[in-house]
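Numbering (the numbering used here), first residue to last: -9 to 218.
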C-alpha cells in the first residue's frame, strides 16, 4: 500500500438509516446480527467481499450484511480492516438495526431490510472528504472528469468492479483516481452508481476528494494512495 495511507482509519458512519429502528439487548435480531457480522469477519478476507443473512424469510428479525475490502488490499489487511470495522461500528451504533461504515480500506453495511444489489442514491446518501490541498490550479475539471469517466468504464467492465489510474498534470505532479463498486451490483448498475458520483464532482470541485456511498466509492487525490 502507498506510504502514509492508513487502511484502518474510519471515514464515516451512519446509524439507523432510514428510520432509526432499534433492537434490544439479547433479542433475536441481536443474535442474528452477531451471527452475520461474525460470518462476514471470517469469510470476507478470502475474496475481499462477503454477503450474509440470518433469520427466517418472513421474519422481521432477519439480518442482512455486506462487507467489502478495496481490491488492492491484501488478505491480511482485509481481515484486520473488517474486524476493526465491525468492532468500531457496533460501538458507534450499539442498538440500531441498520448501519453503514467506511474505513479507508473496507466498508460494511447491515440492516433488517434486504439491500443486496440495490444502488444508493448519491443525492440522498453520500459522504465527502475534501483534502486540504487545492488542485483546481493544476488539474482542470475536464481532466479530472476525463480520468474518472475512464475509470468508471474500466471498473464496470472488470470482474472486480474496481479501477485505478493516474494522469499527468502540470509540472511533475500526477492526479490519482480510484473507483469501486460492491460486488453484488451488476456491471450496468456499477456504472450507474459511479456516474452518479462523477456528476457530483463539478458541484464540489476544488480540492482532492473522496466520495462514499454504501455501494460505490470514488477518490481523486494528488498523492498515490493505492497499490499499483
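Ideal placement from N, C-alpha and C gives every residue a C-beta, glycine not left out.
Helix, strand or coil at residue i according to DSSP, with G and I counted as helix
i, result
"residue 0", "strand"
"residue 87", "coil"
"residue 25", "helix"
"residue 190", "coil"
"residue 53", "strand"
"residue -7", "Residue confidence is low: residue -7 scores 46 on pLDDT, short of 50, so the model does not pin down where it sits. Its coordinate-derived value is still stated next. The answer is coil: DSSP assigns residue -7 none of H, G, I, E or B."
"residue 201", "strand"
"residue 163", "coil"
"residue 134", "helix"
Through-space distance from residue j to residue i, alpha-carbon basis
i, j, result
"residue 130", "residue 215", "21 angstroms"
"residue 106", "residue 21", "20 angstroms"
"residue 62", "residue 194", "27 angstroms"
"residue 45", "residue 8", "21 angstroms"
"residue 92", "residue 74", "11 angstroms"
"residue 64", "residue 72", "12 angstroms"
"residue 154", "residue 19", "38 angstroms"
"residue 33", "residue 127", "45 angstroms"
"residue 103", "residue 183", "20 angstroms"
"residue 1", "residue 82", "13 angstroms"
"residue 40", "residue 31", "9 angstroms"
"residue 228", "residue 52", "Because residue 228 is not part of the residues shown, which for the chain are -9 to 218, the question remains open."
"residue 111", "residue 185", "11 angstroms"
"residue 6", "residue 54", "14 angstroms"
"residue 94", "residue 120", "14 angstroms"
"residue 108", "residue 196", "30 angstroms"
"residue 36", "residue 43", "18 angstroms"
Inter-residue CB distance, residue i and residue j (contact presumed, cutoff 8 angstroms)
i, j, result
"residue 79", "residue 3", "6 angstroms"
"residue 208", "residue 169", "5 angstroms"
"residue 58", "residue 97", "6 angstroms"
"residue 100", "residue 173", "Between residue 173 and residue 100 the Cβ distance is about 16 angstroms, and since that is not below 8 angstroms, they are no contact."
"residue 187", "residue 171", "Rounded, the Cβ-Cβ distance is 10 angstroms, inconsistent with contact."
"residue -2", "residue 70", "6 angstroms"
Residues that DSSP places opposite residue i in a beta bridge
i, result
"residue 170", "152, 207"
"residue 58", "39, 97"
"residue 7", "Partner(s): none; residue 7 has no beta bridge."
"residue 158", "164"
(request) Answer yes if the stretch 2 to 18 comes into contact with the stretch 80 to 95, meaning at least three C-beta pairs across the two stretches below 8 angstroms, and no otherwise. (result) yes
(message) Does the contact criterion of 3 or more C-beta pairs under 8 angstroms hold for the stretch 170 to 178 versus the stretch 137 to 157?
(response) yes
(request) Mind the definition here: the stretch 114 to 123 touches the stretch 195 to 206 only if three or more C-beta pairs lie below 8 angstroms; say whether that holds. (result) yes
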